[in-house]
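Novice:
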Amino acid sequence: MPQNHLYLVDGSGYIFRAYHQLPPLTNKHGQPVGAVYGYTTMLWKLADELGKAEGPTHLAVILDKGSHTFRNDMYDQYKANRPPAPEDLVPQFPMIRDATRAFSLPCIEEAGFEADDIIASYTKAAVAAGWHVTIVSSDKDLMQLIQPGVDMYDTMKNERRGADYVMTKFGVQPEQLGDVLALMGDSVDNVPGIPGIGPKTAAKLISEYGNLEAALEAAPSMKKSKMQENLIAHADMARLSRRLVALHDAMDLPEPLDDLTLKGIPLEPLQAFLEHHGFKSLLARAGAPAAAVAVATAAAAVTQATPPAAPVHEEEPPIDRSLYETVVTDEALDRWIAAAHAEGLVAVDTETDMLDCVSCALVGVSLAVGPNAACYIPVGHGGRDMFAEKPDQLPLALVLAKLKPLLEDDSVLKIGQNLKYDITVLRRHGIEITPYDDTIVMSFDLDAGQSLAGHGMDEAARVHLNHTCISFKDVCGTGKSQISFAEVPLDKATEYAAEDADVTLRLWKLFKTRVAHEGATRVYELVDRPLVSVIAKMEHEGIKVDREALSRLSAEFTAGIAALETEIHGLAGQPFAIGSTQQLGAILFEKMGYKGGKKGKSGAYSTDVTILEQLKAQGAEIAGKILDWRQLSKLKSTYTDALQAQINRDTSRVHTSYSLSGAQTGRLSSTDPNLQNIPIRTEVGRQIRHAFVAEPGNVILAADYSQIELRLAAHMADVPALKEAFANGEDIHAATAQQLFGEVNRDTRGRAKTINFAILYGISRWGLAGRLEISADEAQDMISRYYERFPGISLYITDTIEKARERGYTETLFGRKTWFPRIKASVQHERQGAERAAINAPIQGTSADIIKRAMARMGPALAAEGLHDVKMLLQVHDELVFELPEGDVEQASAIIRRVMAGAAEPIVKLSVPLGVEIGHGPSWGAAH
DNA sequence: ACCCTCACG
DNA sequence: GACGTACGTGAGGGTA
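In structure tokens:
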């Protein structure tokens, strides 16, 4: 009779690990199932052990139930600083139980006890009965249970662990591990331990003195050191910690040992479960687990099962463009679509006849399902002219009809590089791409700030695949002789387009693994990926601009500019190009003899606002005129003229393009045109905002976060005085003025405001001195006072810089990384520049994360309350702009406010409220 | 292609 | 002791 062998599976521990290590999959019902999938493969692996020498004869999955256990009664801080489970993990907990049931395995949980205690109790009982035990977990606390006859098994690393593992990892025997853990403490579970003692020191003490109590008792006679003092001072904390890490092994077993006998795994419930979640590839590709088949073969003849394939990292074949196919027949198209279904994923790229995706025509679609397995489906070659001669290609309508089910199939992942473009193009043809991954966004979430990693495809291919893509220029030429993609011959078009899809798929494979392993899953899944289709919608929507209003302004500005020009030339005594800083510098500082030195390496005179304002203050009339001239020229060329040219001919609206990878901090950026820098600060400039209007019957609504970055700074640096001021709804700059100067008036409030911003940007006394027109010493005093009044700020600054230097990156509250390679530069000002950016990045980036989450939730929140005509049009970093029927304003305002104010939740709980200010009117200008 | 300047948060 | 003088963007005009 072979010996009984009980496997105890630490299900709760596993699911967290699977969540962080595995790609964030969703099933065909749109539910997140990455962790469930990982959990399922683990059970599968265990099922395959059945019948082997070291395999289980008995097995139980142990789960945590509820969060309050006897340890909380012992120490109310236990696990107190643990963040709530990620929102896409929560719905997976019940599915874990489904998965366990699908394998027909017993599942044990008990209120008041942690899974660890249940495992300890079963281990004790089984050992007493003379059984072998294997604990399936990688938890260090459970390693205390290792003893002869009891080992651990880490399925992810495929590693069995005994006493020697504990010895290499912690330097002690398993039975001494509890003492080591007690000294070390555990920041995740909030076990206090002894400050300053980590794994190394703890192990040294325990192996030297044998156990915790002996070490504590010996402390007074140890050599004097910080560690020794701490050992004495915190002895009670260590004793409490010892009790917290001890496993409770004497509970009544919820189910008797003998009930845990493994009998085999009926195939049917397992199959149903796998099919429900679309894990059927697991069954189909790898064969059922041996145990399941053993049961199934009795009923039906099943083909020889093979064990699930271990993930092998095979070298991909180099890119070979000769293997790409031009798809021009029904049969070929069907074959590619079937291949995509079989693979469960497909890289997609669309080719169009112009860059503007609102007006462009579809020219072709490329697909890739594996390395070099890529094709191009031409549909619009030969151009839009109905009568032009065209190459042989499938009709557009047919291709769209066949692609639609694939592109909308929940069980096939669509992969694209900068998908918002393709989403818009295909949405115009009635296709909603879902689900999707975007490699440009993945790249950004991994490598923002890494100077070597460009996120565009050509650069990404060079960096990550060591491959040079065919450039668009090579195919279409440049400048005047540039041709449209519709005119490119099919063979050349296929090489170019299919390569894009092929490269995208290869990049995706790399990034998918990295996202999971490098902690980018949170920000990718919870912030950026959902945003892609939202941004696509906003760009497609566009905003109405009153062309006549702009044209009137242009005319006004032209007249103003001309008048000023005459005056300036008169004052200068000669005509010159006012826009030329070179000529202007010569006039001001050489001919007219004003003071104001040369600047920097170029040796040119600086003529920027600060200089001109100084001259003006000295009484130079020309300086004021030049400032006015510059303002009007800027407004005319950058706004009133340029915006008119940007009004789309087909839609009569302006469609900006947002870059999701534009700003290193995680902010969006806006181009063609940039709608994030429309004037507002001066009255003249503000008129331009009034030209952004709503359709008749509609209004423009603008919703702003008020002081979001300062609020986040107060939260992140933990500044009680600032937090309190925000909680009380005070004027924050006035409150700062009160703290710093003891009185509030226009002057002190203004200075306080400057200092508040200086803090967000990484202050230097020189910089502050310049801004406030005080001496560096006075500025230094002011900074010191700020740190004194707002403790936490200086700690935040030093901490952030230190961490950035250590790890190379900073992180937002949502885990967005920004890399700072120059933080180790030997050139001082380069390094200091990186330090200032590092101070700012977590704050600016968290603010960006929050508004992005608000944007992703806005559509569903509005729709849920029946508001289908509210359109989100623009994002300006802390502001969202909507167009909506006048009658919806009240209801929409409440929803918008709620969504924006609560956008951090539940992932991040802020200790300050987020304020939202909302206004509306016939134009953007009027909405403020 | 680069610099300067200036519009925004 | 000199250095250079706040974070993050994009666009237009002048110059080389």
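Per our numbering, residue 803 is the first one in the first sequence, and the count goes up by one each step. Using N, Cα and C, we set each Cβ at its ideal position, and we do this for glycine too.
With a threshold of 16 other CB atoms inside 10 Å of the CB of P1291, please say whether the residue is buried or exposed.
Specialist: exposed
Novice: Over the uninterrupted alpha helix (DSSP H) stretch that includes L848, give me the two end residues.
Specialist: Run containing L848: G836 to E851, per the alpha helix (DSSP H) assignment.
Novice: Taking the alpha carbon of S1454 as the reference point, which residue from K1418, A1496 and I1413 has its own alpha carbon closest?
Specialist: A1496
Novice: Where K1400 and A1516 are concerned, what is the direct C-alpha to C-alpha distance, given to the nearest angstrom?
Specialist: 41 Å
Novice: Using the beta-carbon count (16 or more within 10 Å), is M945 buried or exposed?
Specialist: It counts as buried.
Novice: Which of helix, strand or coil does DSSP assign to C1278?
Specialist: helix
Novice: Can you tell me the Cβ-Cβ gap for I999 and N1032, rounded? I've got them flagged as a contact below 8 Å.
Specialist: 7 Å
Novice: Taking L1059 as the reference, give the member of R1591, I1449, I1428 and H860 with the closest Cα.
Specialist: H860
Novice: Restricting to Cα atoms, I'd like to know which of V892, Q879 and G857 is closest to T1063.
Specialist: Here the closest residue by C-alpha is G857.
Novice: Does the distance between the C-beta of G1594 and the nearest non-hydrogen atom of the ligand ATP fall short of 7 Å?
Specialist: This structure lacks the ligand ATP; in fact it carries no ligand of any kind.
Novice: Determine the contact status of S1461 and T1473, defining contact as a CB-CB distance below 8 Å.
Specialist: yes
Novice: A1606 to Y1563, Cα distance in whole Å?
Specialist: So the two alpha carbons sit approximately 16 Å from each other.
Novice: With 16 other CB atoms within 10 Å as the buried threshold, where does W1431 fall?
Specialist: buried
Novice: Are there three or more Cβ pairs, one per stretch, closer than 8 Å when the segment 971-991 is compared with the segment 1045-1053?
Specialist: With contact defined as three or more Cβ pairs closer than 8 Å, the segment 971-991 and the segment 1045-1053 are in contact.
Novice: Is the separation between the beta-carbon of R1624 and that of A1636 shorter than 8 Å?
Specialist: yes
Novice: My assumption, with CB atoms under 8 Å, is that A1504 sits in contact with E1681. Please give the rounded CB distance.
Specialist: 6 Å
Novice: Just to confirm, are L1209 and I1235 a CB contact at a threshold of 8 Å?
Specialist: yes
Novice: Between the C-alpha atoms of V1334 and Q805, what's the straight-line distance to the nearest angstrom?
Specialist: 56 Å
Novice: When DSSP builds the beta bridges, which residues end up paired with S1168?
Specialist: D1151 and Y1178
Novice: One question on the structure: do I1380 and I1424 come within less than 8 Å of each other, judged by their Cβ atoms?
Specialist: no
Novice: What three-state label does DSSP hand H1492 in the structure shown?
Specialist: In the structure shown, the three-state DSSP call for H1492 is coil.
Novice: Buried or exposed: Q1433, going by 16 or more other Cβ atoms within 10 Å of its Cβ?
Specialist: The residue is buried, with at least 16 neighbouring Cβ atoms inside 10 Å.
Novice: Say whether the segment 1387-1401 touches the segment 1516-1529, bearing in mind that this needs 3 or more beta-carbon pairs closer than 8 Å, one atom from each stretch.
Specialist: no
Novice: Consult DSSP for S1471 and reduce its assignment to one of helix, strand or coil.
Specialist: strand
Novice: Specify, as a first and last residue, the run of the alpha helix (DSSP H) that Y1298 falls within.
Specialist: Membership of Y1298 in the alpha helix (DSSP H) is indicated by the continuous run L1292 to H1319.
Novice: To the nearest angstrom, how far is it from the Cα of I937 to the Cα of M1518?
Specialist: Distance from the CA of I937 to the CA of M1518, rounded to the nearest whole angstrom, comes to 40 Å.
Novice: Assign A1696 to buried or exposed, taking buried as 16 or more other Cβ atoms, counted over all protein chains shown, within 10 Å of its Cβ.
Specialist: Per the 10 Å Cβ criterion, exposed.
Novice: Determine the direct distance from the alpha carbon of V974 to that of E1010, and round the result to whole angstroms.
Specialist: 10 Å
Novice: To the nearest angstrom, how far is it from the Cα of S1203 to the Cα of P1173?
Specialist: The displayed chain sequence assigns Ala, not Ser, to residue 1203. Rounded to the nearest angstrom, the two C-alpha atoms are 26 Å apart.
Novice: Contact between the segment 896-903 and the segment 1337-1353 is defined here as three or more beta-carbon pairs at a separation below 8 Å; is this criterion met?
Specialist: no
Novice: Grab me the residues of K1731's own chain with a C-beta within less than 7 Å of its C-beta, minus the 5 sequence neighbours each way, in chain order.
Specialist: With the chain running from 803 to 1730 in the structure shown, residue 1731 is simply not present.
Novice: Indicate whether the contact test is met: 3 or more Cβ pairs, each with one atom in the segment 1242-1252 and one in the segment 1315-1324, closer than 8 Å.
Specialist: yes
Novice: Out of V1171, V1214, R1609 and N1220, which has the shortest C-alpha to C-alpha gap to E1153?
Specialist: N1220
Novice: Taking DSSP's pairing of strands, which residues face G1717 in a bridge?
Specialist: S1508
Novice: Would you report the Cα separation of A1422 and E1415, rounded to the nearest angstrom?
Specialist: 9 Å
Novice: Please report how far the alpha carbon of S1353 lies from the alpha carbon of Q1446, in whole angstroms.
Specialist: 8 Å
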